[in-house]
Amino acid sequence: MTERVVSIDLSTDAEGMLPRQCPNCEGQFTIEGDTYEEEHYLNIRCPYCEWIAEFDEYLTEEQAAYGEAVAENEARRMLEEELGGALEDAFSDMGSSDFLEVETNTDKTDFGHRAPPSPDLGIKIDETVCANCGFRYAVKEGTNNSSCPVCR
Ligand SMILES: [Zn+2]
Ligand SMILES: [Zn+2]
Numbered sequence: 045m046t047e048r049v050v051s052i053d054l055s056t057d058a059e060g061m062l063p064r065q066c067p068n069c070e071g072q073f074t075i076e077g078d079t080y081e082e083e084h085y086l087n088i089r090c091p092y093c094e095w096i097a098e099f100d101e102y103l104t105e106e107q108a109a110y111g112e113a114v115a116e117n118e119a120r121r122m123l124e125e126e127l128g129g130a131l132e133d134a135f136s137d138m139g140s141s142d143f144l145e146v147e148t149n150t151d152k153t154d155f156g157h158r159a160p161p162s163p164d165l166g167i168k169i170d171e172t173v174c175a176n177c178g179f180r181y182a183v184k185e186g187t188n189n190s191s192c193p194v195c196r
């Protein structure tokens with residue numbers, strides 16, 4: 045068995061902001077992707093409820109749905125490949141005969157694909173810059189007194 049890893053790119057939006065969702069209160073926000081990577085922060089804090097958890101736990105619903113769709117499509121693709129190969133083997137074993145002409149066209153094997161939904165946030169956000177550390181993040185429009193996701 046070969047193990048295959050499906051890598052899912054959680055890309056930032058046009059402003060370089062990375063969408064996140066709190067595993068505790070489910071509040072959505074974005075953080076500055078580049079700065080976050082450069083500083084190697086291990087944990088982030090929810091700007092709404094101050095919950096602190098590892099970065100990976102802050103997967104948004106959109107990203108989870110997106111990742112699931114991408115992984116599912118990849119699984120289907122691998123299945124199609126394997127099934128196509130198996131059919132070809134089966135038919136080539138039969139050999140050619142005057143009575144039977146078999147053509148296999150594996151391109152046509154299609155189990156249907158899901159279009160990955162957009163991984164972007166579906167809410168309006170307000171961008172904020174932390175007065176202490178200068179970190180850029182954005183919270184839901186109209187949120188007062190949000191906490192900086194990276195200040196300690
Ligand atoms: Zn929270
Ligand atoms: Zn800060």
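Taking our numbering, the leading residue of the sequence shown gets 45, the next gets one more, and so forth.
Using N, Cα and C, we set each Cβ at its ideal position, and we do this for glycine too.
None of the values given here were measured: they were computed from a predicted structure.
- Spanning the alpha carbons of Met122 and Ala115 requires a straight line of approximately 11 Å.
- Arg64 counts as buried, since no fewer than 16 other beta carbons sit within 10 angstroms of its beta carbon.
- If you draw a straight line from the Cα of Cys66 to the Cα of Thr79, it is about 19 Å long.
- Not one heavy atom of ligand 1 is found less than 8 Å from the C-beta of Asn87.
- The set of residues with CB atoms less than 6 Å from any heavy atom of ligand 1 reads, in chain order, Cys66, Asn68, Cys69, Gly71, Cys90, Tyr92, Cys93 and Trp95.
- Counted as a single uninterrupted DSSP element, the beta strand (DSSP E) harbouring Asp170 occupies residues Ile169 to Val173.
- Distances from the CB of Phe73 to the heavy atoms of ligand 2 are all 8 Å or more.
- Cβ neighbours of Thr56 within its own chain (closer than 7 Å, five residues either side excluded): Leu62 and Gly77.
- Between Cys93 and Asn68, the C-beta spacing is below 9 Å.
- Looking at the DSSP output, Phe73 bridges to Arg64 and Val183.
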